[in-house]
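Note sheet for the following structure.
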Amino acid sequence: MKSLILSTAAKYLLPMLLLFSAYLLLRGHDMPGGGFTGGLVAAAGFSLHGFAFGMSDAKRLLPARPLRLVGAGLLLVLGSGVFAMMKGDPFLTGTWTTLTLPGPGEWKIGTPLLFDLGVFLVVIGATLAVLLGLGRED
Amino acid sequence: MKPLLILPILLPLGFAALSLFFLHMRRVQRLLSVVGMTSLLVAALFLLQFVWRQGIGVVQIGDWPAPFGISLVADLFSAIMIVLAALMGLSVSIYSLADIDAPREGAGYHPLLHFLLMGVCGAFLTGDIFNLYVWFEVMLMASFALMALGGRRLQLEGSVKYVILSLIASSLFLSAVGILYGLTGTLNMADLVGRLSASPVHLVNTLAVLFLIAFGIKSALFPLFFWLPASYHTPPVPVSALFAGLLTKVGIYALIRVFTLLFNQEAGYTHSLILIVSGLTMITGILGAVAQNDFRRILSFNIISHSGYMIMGLGLFTPLALAGSVFYIIHHIIVITTLFLVSGVVRRLQGSLQLPEMGGLYAQAPWLSLIFLVAAFSLAGVPPLSGFWGKLILVQASLSAENYLIAATALMVGLLTLYSMSIVWGKAFWGTPPDGKAPVRILTIRESVPYYLPMAVLVLLTIGISVAAGPVLTLSTRTADQLLDPTAYVRAVLGEKP
Chain A
0 MKSLILSTAA KYLLPMLLLF SAYLLLRGHD MPGGGFTGGL VAAAGFSLHG
50 FAFGMSDAKR LLPARPLRLV GAGLLLVLGS GVFAMMKGDP FLTGTWTTLT
100 LPGPGEWKIG TPLLFDLGVF LVVIGATLAV LLGLGRED
Chain B
0 MKPLLILPIL LPLGFAALSL FFLHMRRVQR LLSVVGMTSL LVAALFLLQF
50 VWRQGIGVVQ IGDWPAPFGI SLVADLFSAI MIVLAALMGL SVSIYSLADI
100 DAPREGAGYH PLLHFLLMGV CGAFLTGDIF NLYVWFEVML MASFALMALG
150 GRRLQLEGSV KYVILSLIAS SLFLSAVGIL YGLTGTLNMA DLVGRLSASP
200 VHLVNTLAVL FLIAFGIKSA LFPLFFWLPA SYHTPPVPVS ALFAGLLTKV
250 GIYALIRVFT LLFNQEAGYT HSLILIVSGL TMITGILGAV AQNDFRRILS
300 FNIISHSGYM IMGLGLFTPL ALAGSVFYII HHIIVITTLF LVSGVVRRLQ
350 GSLQLPEMGG LYAQAPWLSL IFLVAAFSLA GVPPLSGFWG KLILVQASLS
400 AENYLIAATA LMVGLLTLYS MSIVWGKAFW GTPPDGKAPV RILTIRESVP
450 YYLPMAVLVL LTIGISVAAG PVLTLSTRTA DQLLDPTAYV RAVLGEKP
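Just so you know, the protein sequences line up as chains A and B, in that order. For the first sequence, position 56 matches number 55 in numbering that gives the first Met the number 0, and the numbering has no gaps at all. For the second sequence, position 287 matches number 286 in numbering that gives the first Met the number 0, and the numbering has no gaps at all.
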């Protein structure tokens, strides 16, 4: 069933939800938010699009197959932990550095961000894999 | 030595994540699966060697100091269990090359196998009781998916029972952890040791029983075992072989860990309870096995029955008895996995696992019969095979503890095991096939290699343990001594300060 209201709303909501999910992801280390919530919001955006335009359409919007997103996310998480091990610290020790960029000035950047990004991808991938599996007609 | 401790968790994670990229390329997945399990086994062997030489190894994850962060602890018991888990993982992943169909592989069978191994290894390594819960969940999640994958009707029915009972056990476990935290204010197992001995004894005993019930469901002890025979015969054979070899043993591991490290203040109460449970588990399990007609259900009931032996040593709570338990676990994991793997080939050859529909396997597959015979005799404890030594140590320990009833039970259950195995032997291997049976199938060479290689290696290992019972007993004894001396564990985790 096609609904004009739903499809129009979804068209505008998807970019906003994605933007908001990125915001949640980036503020997550010190404030409420993080990879998990960010990932859920992004997945909600994609699934809203899926309800309005069909799940196969939502699948086309994704950069990769959902399970590959999960794989990539897990590898990122693994990488963020192993990074500390290569320096001789225990697994998952947070490693920080400060970047000086011309525009915003000083940026504190570290492996927890990488970890969060990994979680973000895993959550999007896993949620969409479940939704696509449930929405499949066969 | 820090990387070595975390490798048994990282390797399965890495290989599972990698193979998610190649879901549609069957060959790459199979290659990754076998290579991943092989590397896990190598890492596990190095870990065992390290712990044997240098004592308990500890890593504080994220560099957070001990009672606050999560510690990974590898003592001999953990290291032995990880080696066994990796060995079973490798055997099953090779066996799966012949036995798992393409749709299941495309749906992510191999990554799930690695996720399961990651959960199992994590549970063996963690030194934090809440983290133990998390690893249980990782393992269960993977096992739910493996059990339901491919979804035939019978399989889904088995999965529903398995999932519901597992979730009940998990919620009990979580409640127990919550109460434990409320009582002591810490979840680090080493930190708990001191704080529990300062807590009121009746509360500690209540908690102990709560943990006993939660782990008792997971390791299928009397009277909480009924989910196991209702579900283990439904998934594909490699999956049930892996479950049989590993999953209930993680419950047993948790029981032994918790009842040697944390709840040892009033052993007269808690450990006698465990001893009673172990005797009843042995008897009911084997009586169930004798009454069954399905090959895999007979084996399932044997798992239950023999779990009784593994906690019998814990119940007696002497150094020799605990060494017997460790020995028995090593022996049982190898043997029961072999028997389940045999059942897979039998199903391929005969098209059924119902005993009345089977017969003539001895003429059809003499080598398979030999493998079955050795494993079955070993399970029953016929000298000089490995099961005999395990039972001998346990019986000797119970005699020197002057507990004659449990010794008699252990011996009688051994005899009944022999009886239940001889029913299978008599009907499936010796008997004549019933009329009108489907034509006998023959395996091609390409199928036979992945089928027979893991079984042959595992049977040779069983024989190896039988011949080298001395060294294995030395290993078990040192493990038991380590388990019975919590101060070393505490010192390794928390440092010199008490």
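Glycine included, C-beta positions come from ideal geometry on N, C-alpha and C. For clarity, every value in this text was computed on a predicted model and none was experimentally measured.
Item	Value
Cβ pair count under 8 Å reaching 3, the segment 59 to 76 of chain B against the segment 305 to 317 of chain B	no
Range covered by the alpha helix (DSSP H) that runs through V50(B)	25 to 53
Inter-stretch contact (C-beta, 8 Å, three-pair minimum) for the segment 196 to 207 of chain B and the segment 134 to 148 of chain B	no
Below-8 Å beta-carbon distance, L3(B) vs any chain E residue	Here the protein chains are A and B, and chain E is not one of them.
Under 7 Å by beta carbon: chain A residues contacting I60(B)	P89, F90, L91
Residues of the segment 63 to 76 of chain A with Cβ closer than 7 Å to any Cβ of chain B, in chain order	L66, R67, V69, G70, L73, L74
Burial state of L16(A) (16 or more Cβ within 10 Å)	buried
Inter-residue spacing [alpha-carbon to alpha-carbon] between G35(B) and S196(B)	42 Å
Beta-carbon proximity of L186(B) to V176(B), cut-off 8 Å	yes
Proximal residues to L367(B) (C-beta, below 6 Å), its chain only, five neighbours per side dropped	V344
Neighbourhood of G149(B) by C-beta distance below 6 Å, restricted to the same chain and skipping five residues each side	R103
Three-state class that DSSP yields for K198(B) in the structure shown	The question names Lys, but residue 198(B) in the sequence shown is Ser. S198(B) falls in the coil class under three-state DSSP.
Reference R490(B); option with closest CA among G54(B), R25(B), T408(B), Q353(B)	G54(B)
Chain-ordered neighbours of L17(B) on chain A, where CB pairs are closer than 8 Å	G70, L74
Other residues of its chain near I510(B): CB distance less than 6 Å, five sequence neighbours each side excluded	Outside the modelled stretch of chain B, which goes from 0 to 497, sits residue 510(B), for which no answer is possible.
Members of the segment 225 to 250 of chain B near chain A, C-beta cut-off 8 Å	none
Host beta strand (DSSP E) of T99(A) (start-end)	95 to 100
Distance CB(G37(A))-CB(L24(A)) smaller than 8 Å	yes
Chain B contact residues for M84(A), given Cβ-Cβ distances below 8 Å	K1, P2, I5
Proximal chain A residues relative to L319(B), where beta-carbon distance stays under 9 Å	The contacting residues do not exist; L319(B) stays about 37 Å from chain A at best.
Nonlocal neighbours in the same chain, by C-beta distance under 7 Å from L483(B), ignoring five residues either side	T259, P318, L321
Beta-carbon proximity list for R26(A), same chain, < 6 Å, skipping 5 on both sides	G32
Ordered list of alpha helix (DSSP H) runs contained in the segment 91 to 140 of chain B, each at least 4 residues	101 to 105, 108 to 124
Pair within 8 Å by beta-carbon distance, L378(B) and I335(B)	yes
Coarse secondary structure for L71(B), derived from DSSP in three states	strand
Span separating the alpha-carbon of I79(B) from that of L47(B)	6 Å
The segment 267 to 281 of chain B / the segment 146 to 160 of chain B touching (three or more Cβ pairs under 8 Å)	no
Residue span of the alpha helix (DSSP H) that contains K107(A), given as start and end	No alpha helix (DSSP H) holds K107(A); the beta strand (DSSP E) holding it covers 104 to 109.
Pair within 8 Å by beta-carbon distance, V33(B) and I99(B)	no
Proximity test, Cβ basis, 8 Å: G105(B) and chain A	no
Among W424(B), R347(B), L352(B), nearest to F376(B) - alpha-carbon criterion	W424(B)
Close beta carbons around P110(B), own chain, < 6 Å, minus the five adjacent residues each side	A15, S18, L19
CB contact below 8 Å: F45(B) versus chain A	no
Distance CB(Q353(B))-CB(N292(B)) smaller than 8 Å	yes
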